Amino acid sequence: MSLSRRQMMLGTLAGVALSRAIPAWAVDADTQRKVDDAIVRALDFLESQQLPEGAWRSDSYGECTAATSLACMAFMSAGHVPGEGPYGDMLNKGIRWVMSRQEDNGMLIAKRSHGPMYSHGIATLMLAEAIGMVDESQAKLLKRSLERAVRLILESQAYEKDHRHAGGWRYQVDSRDSDLSVTGWQVMALRAAKDVGCDVPAEAIDAAVAYVKNCSTRDNRGFGYQPGSGATPTLTGVGITCLEVCGAHDTDEARGGATWLKDHPLRFDSNYCYYGIYYTGVGLFKLGGEFAEQSHKHLCDMLLTAQQADGSWTPEHGSERGVGKSYATALCILGLAIEYRYLPIYQR
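The letter at position 26 of the sequence shown is residue 25 when you use numbering that gives the first Met the number 0, and the numbering goes up by one with no holes.
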């Protein structure tokens, strides 16, 4: 990116502070400037990684609807709009590529994936977030694709499961058990889709909330992978976020998990740290108060010191080593950009 273009982008991000109420716990001005610059550098990196057909890739799975959708949301989280501005054409290409991968049953998936429903949930969330940012004709196309994607999520939830797993999702459409990792993306997708007018029955949200609460530890000290599992920082962020976006505000489970996170903060060697950056950031932002302050300052300290010279973040630990720099960098942008509140899902 040229210096003049970089200055323009930094000016755009700095202007966010003038148009939005700044929380009392916001970081100091010098740190905020560093955050703004880190986001611009990271967007430069992501721009350089887009493939000619519009996709982004993960190291393990190649062209990927999850990585592409996260990259698109990263740009949108910093105020960039499909079809407009310096990244408008690039965003349109990314969105069109994701939609072109929709299968007959509604699944948004490339040929290879960590798990179909995992990638599908992320892609569905991205389409829902993008609808309000595009013109009317494009919004109609996105809405049609989104509605098919939502129906698949609801059909997957409805497969018969035992009481411990009812209400959740796992990697396959017809899975007969659930986990909080996959469930988190479906919940976010359904909540965002409902906000743009898709038919999402209240019963589906209620069942998902019940499953998420079942993944909280018995003493409400964090959330685990499945009911009865031990708590992890990443999954505690997932649990808190799911409850908050579904309207289960300030629950014992969420506050207990947030309190646990004070003593067990997310680290780069935490299991699945990078999507934990997104979820702990969003969940604690929505809880507000001291929890939001602690989380945001921790993420800023953690991420600003780890950004690479090329603007990326590099996953180095076992659980995410194969996801690639584009996936990790997009999630870091999404974690840092929460205060901008451009994405609808970030609204309190």
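Every residue gets a Cβ at the ideal spot worked out from N, C-alpha and C, and that includes glycine. Model, not experiment: these values are computed from the prediction.
Is residue i helix, strand or coil by DSSP?
i: Q315; result: Per the sequence shown, the amino acid found at residue 315 is Glu instead of Gln. If DSSP states are grouped into helix, strand and coil, E315 belongs with coil.
i: S57; result: strand
i: E52; result: coil
i: E62; result: strand
i: D36; result: helix
i: R147; result: helix
i: D178; result: strand
i: H297; result: helix
i: C241; result: helix
i: Y341; result: coil
i: W235; result: Correcting the residue type first, residue 235 is Thr in the shown sequence and not Trp. Residue state, collapsed to three classes: helix.
i: P115; result: helix
i: A252; result: The sequence given here places Glu at residue 252; Ala does not occur at that position. E252 falls in the helix class under three-state DSSP.
i: R95; result: helix
Between the beta-carbon of residue i and the beta-carbon of residue j, is there less than 8 Å?
i: L265; j: L69; result: no
i: V322; j: D58; result: yes
i: S269; j: G280; result: no
i: W168; j: R220; result: no
i: G166; j: Y339; result: no
i: L42; j: I332; result: yes
i: R225; j: M116; result: Arg is not the amino acid found at residue 225; the sequence shown has Gln there. Not a contact, by the Cβ cut-off of 8 Å.
i: L151; j: V181; result: no
i: K92; j: G53; result: yes
i: F284; j: G256; result: no
Please work out which residues of its chain come closer than 7 Å, Cβ to Cβ, to residue i, disregarding the five sequence neighbours upstream and downstream, and give them in chain order.
i: E128; result: M72, M75, A191, L342, P343 and I344
i: K33; result: L303
i: C197; result: L145, E146 and V149
i: Q48; result: W55 and S325
i: M89; result: E46 and Q49
What does DSSP give as the partner residues of residue i in its beta bridges?
i: W259; result: None, per the DSSP bridge assignment.
i: Q307; result: Looking at the DSSP assignment, Q307 forms no beta bridge with any residue, so it has no partner.
i: R266; result: R266 is not bridged to any residue.
i: S215; result: F222
i: Q101; result: L107
i: D173; result: DSSP lists no partner for D173.
i: A230; result: G223
i: W168; result: D178
Just to confirm my understanding: we take residue i, look at its own chain, exclude 5 residues before and 5 after, and list those with CB closer than 6 Å. What are they?
i: S118; result: T64, A65, I108 and S112
i: V195; result: A127 and I130
i: Y278; result: G236, V237 and T240
i: V80; result: M132
i: D178; result: R169, Y224 and Q225
On the CB-based measure, 16 or more other CB atoms within 10 Å of its CB, does residue i come out buried or exposed?
i: R347; result: exposed
i: D103; result: exposed
i: P200; result: exposed
i: G334; result: buried
i: S155; result: buried
i: D35; result: buried
i: G229; result: exposed
i: R40; result: buried
i: E252; result: buried
i: S3; result: With a pLDDT of only 47 at S3, under 50, the local geometry of the prediction cannot be trusted, and no value is derived from it.
i: R320; result: exposed
i: D161; result: exposed
i: H248; result: exposed
i: G227; result: exposed
i: E289; result: exposed
Among residues of its own chain, excluding the 5 on either side of residue i, which ones have a beta-carbon nearer than 8 Å to its beta-carbon?
i: S318; result: N270, Y271 and C272
i: S99; result: none
i: A327; result: Y273, S311, W312, T313, P314 and E319
Indicate whether at least one CB of chain D lies closer than 8 Å to the CB of residue i.
i: A109; result: No chain D appears in the structure shown, which is made up of a single protein chain.
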